[in-house]
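Residue numbers (the working numbering): 208 to 380.
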């Protein structure tokens, strides 16, 4: 999803793109730990903080996984489930999107889960305009190795899929 900033906030929100709002300084500086309790899709999950508050809906920052109803969507979700469900993770928040999800870097045993998802071919590095995104090098490696969705030359980026078909997201029970 697009992240839009600055004076484009109102236009961006009406256009349906994800607007990243900076998180509070204390939240961004203090990583926290918790258990992954649910995985919605390849880039959205729920984590219950260690201190016992209710699970929080989080979006992995810097990646874009296939929509759940598009090709590789279920595989992407399954990979994230297998990797992190019911595991202790460390969460570092950068911002909040317009769906009120924290945009986070998630670490499992010190490894960046977003980078792992891209390297394994389960998601794209999040592109914005001419920026190839934070995981461009990982995506290039996955493409060279024809990993996961990168084995399919016709794999469609989620943004293009949503523009043609709309969102196919199933709400959490």
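Cβ coordinates follow ideal geometry from the N, Cα and C atoms, glycine included.
- DSSP places residue 341 outside both helix and strand once states are collapsed to three, so it counts as coil.
- Rounded to whole angstroms, residue 244 and residue 267 show a C-alpha spacing of 15 Å.
- The three-state reading of DSSP puts residue 295 in strand, counting E and B together.
- With distances taken between CA atoms, residue 256 lies nearest to 241 out of 356, 269, 300 and 241.
- Distance between residue 286 and residue 273, taken at the CA atoms: about 12 Å.
- Close CB contacts of residue 350 within its chain, under the 6 Å cut and outside five residues either way in sequence, are with 357 (chain order).
- Taking 9 Å as the cut-off, the beta carbon of residue 330 is found closer than this to the beta carbon of residue 321.
- In the structure shown, the three-state DSSP call for residue 257 is coil.
- The beta carbon of residue 334 sits closer than 6 Å to the beta carbons of 340 from its chain, once the five residues preceding and following it are set aside; these are given in chain order.
- Residue 325 sits away from residue 291, with the two beta carbons spaced by 9 Å or more.
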